[in-house]
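Here the protein sequences line up with chains E and R, keeping their order.
So the numbering used here is basically just the index in the first sequence, starting at one, shifted up by 15.
So the numbering used here is basically just the index in the second sequence, starting at one, shifted up by 15.
Protein chains: 2
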Amino acid sequence: MHTVGIVVMSLDGCLTRHDEHGAEFASAGDQRFFRQVLTTFDCAIMGGGGYRAARDHILANRSEKHLRIVLTRAPDRYGSEARPGILEFRSDDSVDAVRNLAERGYARCALIGGARILTGCVRARVLDELWITLEPVAFGQGRRLFRGAVEFRFELLSTELLGPSTLLLRYRPA
Amino acid sequence: MHTVGIVVMSLDGCLTRHDEHGAEFASAGDQRFFRQVLTTFDCAIMGGGGYRAARDHILANRSEKHLRIVLTRAPDRYGSEARPGILEFRSDDSVDAVRNLAERGYARCALIGGARILTGCVRARVLDELWITLEPVAFGQGRRLFRGAVEFRFELLSTELLGPSTLLLRYRPA
């Protein structure tokens, strides 16, 4: 299974504006890219915070072509929203969740935040690529890409403009 | 006077690796670029921490063509190293320091960190451009580009490769 982390970030490394959930600062170009590119993945893993921020959109767009896994300490809380193979809530570690999807035969997995999921997957070397949309804003404070003191190295695969000042940077772990 | 912030940053928005001072993680390509580009500025402003990290190099390369201002709460401590017009230690606010250099007739000022200097200058709109070298590393923890909860917007001016995976991104405040 090919596993790709996909995030939108301010140029000073914030995934959120201050304490907000979600990424409302994402430009139209990034939102278009993200919607389109997600259709090329047959599964995605996200955290509970990200799910709650995008819940209405996700519930309105559930599809049998795409399994979403939400990692949360309290999966039972979401029992009424769960649909096996479409929207599943699990208390797994992110690396176990990736391995489980690979065993179930999924081919392309998008990791769509947050820091705990990405940090665990890079450290365990189950992340194949990291795609960062860099928006031309700075917030000073906000959620970050990785958690704790880490030291990861990457290689730049490509750069692309998604809008006049919005860059898509694709990396893979070195 | 044209004022440009120049930083090297990890792809997750750290100016330092964890608690280190200085930017030893900067690639050869960035170091070459930084040395070369500094010669196109007739003055530079930096913080006391950055000065202490690069002190030996700075003292060995003092030049009458280039004034360095070090902003520190204790300028008297550096009395023996100071040379008017070459290396000056001041307790000014960063915006006052920029205005003072403009009044003295300097033409191009490089702001070479840290967060307090850059945040003050963007907020006061005395920064004309921000050049970020994005290195393909991630540290999770480290000093950041801006201090406090801010909301700044920029426009992307150009992108350039300084090495196989090292990007130079030039922005200006929007």
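Each residue gets a CB set at the ideal place from its N, CA and C atoms; glycine is no exception.
Only a predicted model underlies this, so the values are computations on that prediction, with no experimental measurement involved.
Are there 16 or more other CB atoms within 10 angstroms of the CB of R:Ala-59, so buried, or fewer, so exposed? Against the second sequence, residue 59 of chain R aligns to sequence position 44. Buried, since its Cβ has 16 or more Cβ neighbours within 10 Å.
Under the three-state reduction of DSSP, which class applies to R:His-72: helix, strand or coil? For this step, residue 72 of chain R is matched to residue 57 along the second sequence. DSSP places R:His-72 in the helix class (H, G or I) of the three-state scheme.
For E:His-33, which residues of its own chain have a beta-carbon under 7 Å away from its beta-carbon, when the five flanking residues on both sides are left out? By one-based count along the first sequence, residue 33 of chain E stands at place 18. Closer than 7 Å at the Cβ level, and outside the excluded window around E:His-33, lie Phe-154, Gln-156 and Gly-157.
Residues near R:Arg-88 by beta carbon distance below 7 Å, same chain, minus five either side: Numbered from its first residue, the second sequence carries residue 88 of chain R at position 73. Excluding residues up to 5 positions away in sequence, Ser-106 lie with their Cβ nearer than 7 Å to the Cβ of R:Arg-88 in the same chain.
Pull up the distance between the alpha-carbon of E:Ile-21 and that of E:Leu-126, whole angstroms please. Counting from one through the first sequence, the residue named residue 21 of chain E turns up at place 6. Counting from one through the first sequence, the residue named residue 126 of chain E turns up at place 111. Near 6 Å, if we compare the C-alpha coordinates of E:Leu-126 and E:Ile-21.
Terminal residues of the alpha helix (DSSP H) in which E:Leu-116 lies: Within the first sequence, the letter at position 101 stands for residue 116 of chain E. For E:Leu-116, the enclosing alpha helix (DSSP H) has its first and last residue at 109–118.
Please return the same chain residues whose Cβ sits closer than 6 Å to the Cβ of R:Thr-31, not counting the five positions on each side in sequence. Taking the second sequence and counting its residues from 1, the one referred to as residue 31 of chain R is at position 16. Only residues of its own chain outside the window of five on either side were considered, and among them Gly-157 and Arg-158 have a CB closer than 6 Å to the CB of R:Thr-31, listed in chain order.
Beta bridge counterpart(s) of R:Arg-83 as assigned by DSSP: Your numbering for residue 83 of chain R matches position 68 in the second sequence. The partner list for R:Arg-83 (beta bridge, DSSP) reads R:Ala-59 and R:Leu-102.
E:Phe-48 in three-state terms, based on DSSP: Indexing the first sequence from 1 puts residue 48 of chain E at position 33. Correct three-state label for E:Phe-48: helix.
Pick from E:Asn-115, E:Phe-104, E:Leu-133 and E:Ile-132 that is closest to E:Asp-91, judged by C-alpha positions: Stepping through the first sequence from its first residue, residue 91 of chain E is reached at position 76. The shortest Cα separation from E:Asp-91 among E:Asn-115, E:Phe-104, E:Leu-133 and E:Ile-132 belongs to E:Phe-104.
Pairs of beta-carbons, one from the region 64–72 of chain R and one from the region 52–72 of chain E, closer than 8 Å: are there three or more? Three or more Cβ pairs closer than 8 Å define a contact, and the region 64–72 of chain R falls short of that threshold against the region 52–72 of chain E.
Beta-carbon of E:Asp-27 versus every beta-carbon of chain R: anything under 9 Å? Position 12 of the first sequence, counted from the first residue, corresponds to residue 27 of chain E. With 9 Å as the cut-off, E:Asp-27 counts as an interface residue toward chain R.
For R:Val-165, three-class secondary structure by DSSP: As a first step, residue 165 of chain R must be located in the second sequence, where it is residue number 150. Note: R:Val-165 maps to coil in three-state DSSP.
First through last residue of the beta strand (DSSP E) which encompasses R:Gly-20: Here residue 20 of chain R refers to the residue found at position 5 when the second sequence is read from its first residue. That run of the beta strand (DSSP E) goes 17–25.
Which residue's Cα is closest to the Cα of E:Thr-148: E:Arg-162, E:Ser-173 and E:Phe-167? As a working note, residue 148 of chain E is residue 133 in the first sequence. Nearest option by C-alpha distance: E:Ser-173.
Please name the residue, chosen from R:Cys-136, R:Asp-27, R:Thr-55 and R:Leu-177, that lies closest to R:Tyr-121 on a Cα-to-Cα basis. Here the question's residue 121 of chain R lines up with position 106 in the second sequence. The residue with the shortest Cα to Cα distance from R:Tyr-121 is R:Thr-55.
Cβ of E:Glu-150 within 9 Å of Cβ of E:Ser-180? Within the first sequence, the letter at position 135 stands for residue 150 of chain E. Within the first sequence, the letter at position 165 stands for residue 180 of chain E. A contact, by the Cβ cut-off of 9 Å.
Flag this pair as yes or no: are the beta carbons of R:Arg-77 and R:Arg-50 separated by less than 9 Å? Start at 1 with the first residue of the second sequence, and residue 77 of chain R comes out as number 62. Start at 1 with the first residue of the second sequence, and residue 50 of chain R comes out as number 35. In this structure, R:Arg-77 keeps its C-beta atom at 9 Å or more from the C-beta atom of R:Arg-50.
Classify E:Leu-176: buried if its beta carbon has 16 or more other beta carbons within 10 angstroms, exposed otherwise. Taking the first residue of the first sequence as position 1, residue 176 of chain E is located at position 161. Counting the other CB atoms within 10 Å of its CB gives E:Leu-176 a total below 16, which places it among the exposed residues.
Counting only Cβ pairs nearer than 9 Å, list the residues of chain E close to R:Leu-182. To locate residue 182 of chain R, count along the second sequence from 1; it is residue 167. The answer, in chain order, is Leu-171, Thr-174, Leu-182 and Leu-184.
Once the 5 residues before and after R:Leu-102 are set aside, which same chain residues still bring their CB inside 6 Å of it? Translated into the one-based positions of the second sequence, residue 102 of chain R becomes position 87. Excluding sequence positions up to five before and after R:Leu-102, its CB lies within less than 6 Å of the CB of Arg-77 and Arg-83, all in the same chain and listed in chain order.
Going by C-alpha to C-alpha distance, which of E:Gly-129, E:Asn-115 and E:Leu-182 sits closest to E:Arg-123? Translated into the one-based positions of the first sequence, residue 123 of chain E becomes position 108. Ranking the options by Cα distance to E:Arg-123, first place goes to E:Asn-115.
Indicate whether R:Leu-160 and E:Gly-28 have their beta-carbon atoms separated by less than 9 Å. In the second sequence, counting from the first residue as 1, residue 160 of chain R sits at position 145. In the first sequence, counting from the first residue as 1, residue 28 of chain E sits at position 13. Taking a C-beta distance under 9 Å as the contact criterion, R:Leu-160 and E:Gly-28 qualify as a contact pair.
Chain E residues whose Cβ lies nearer than 9 Å to that of R:Gln-51: Against the second sequence, residue 51 of chain R aligns to sequence position 36. Listed along chain E is no residue with a C-beta nearer than 9 Å to that of R:Gln-51; the closest approach is about 22 Å.
List the residues of chain R that E:Gly-215 touches, going by C-beta distances under 9 Å, in chain order. Here chain E has residues from 16 to 189 only, and residue 215 of chain E is not among them.
Across which residues does DSSP place E:Val-152 in a beta bridge pair? Taking the first residue of the first sequence as position 1, residue 152 of chain E is located at position 137. DSSP output for E:Val-152 lists R:Arg-168 as bridge partner(s).
Return the Cβ separation of E:Leu-171 and R:Leu-182 in integer angstroms, given the expectation that the two are a contact with Cβ distance under 8 Å. The residue you call residue 171 of chain E lines up with position 156 of the first sequence. The residue you call residue 182 of chain R lines up with position 167 of the second sequence. Confirmed, about 7 Å.
Compare the Cα-Cα distances from E:Arg-47 to each of E:Arg-185, E:Ala-139, E:Glu-79 and E:Val-23 and report the closest residue. On the first sequence, residue 47 of chain E is found 32 positions in, with the first residue counted as 1. Closest option to E:Arg-47, Cα to Cα, is E:Val-23.
With respect to 8 Å, is the separation between the Cβ of E:Asp-34 and the closest non-hydrogen atom of the ligand GDP below this value? The model on display carries no ligand, and the ligand GDP is accordingly not part of it.
Measuring only between beta-carbons, confirm whether E:Arg-32 sits less than 9 Å from chain R. In the first sequence, the residue the question calls residue 32 of chain E occupies position 17. True, the Cβ-Cβ gap to chain R drops below 9 Å.
My understanding is that E:Asp-111 touches E:Lys-80, with C-beta atoms under 8 Å, so please give their C-beta distance in whole angstroms. Looking up residue 111 of chain E in the first sequence gives position 96. Looking up residue 80 of chain E in the first sequence gives position 65. Between the beta-carbon of E:Asp-111 and that of E:Lys-80 there is about 24 Å, and that puts the pair past the 8 Å contact cut.
I want to see whether chain R comes within less than 9 Å of E:Ala-43, judged by CB atoms only; does it? Here residue 43 of chain E corresponds to residue number 28 of the first sequence, with the count starting at 1. At a cut-off of 9 Å between beta carbons, E:Ala-43 makes no contact with chain R.
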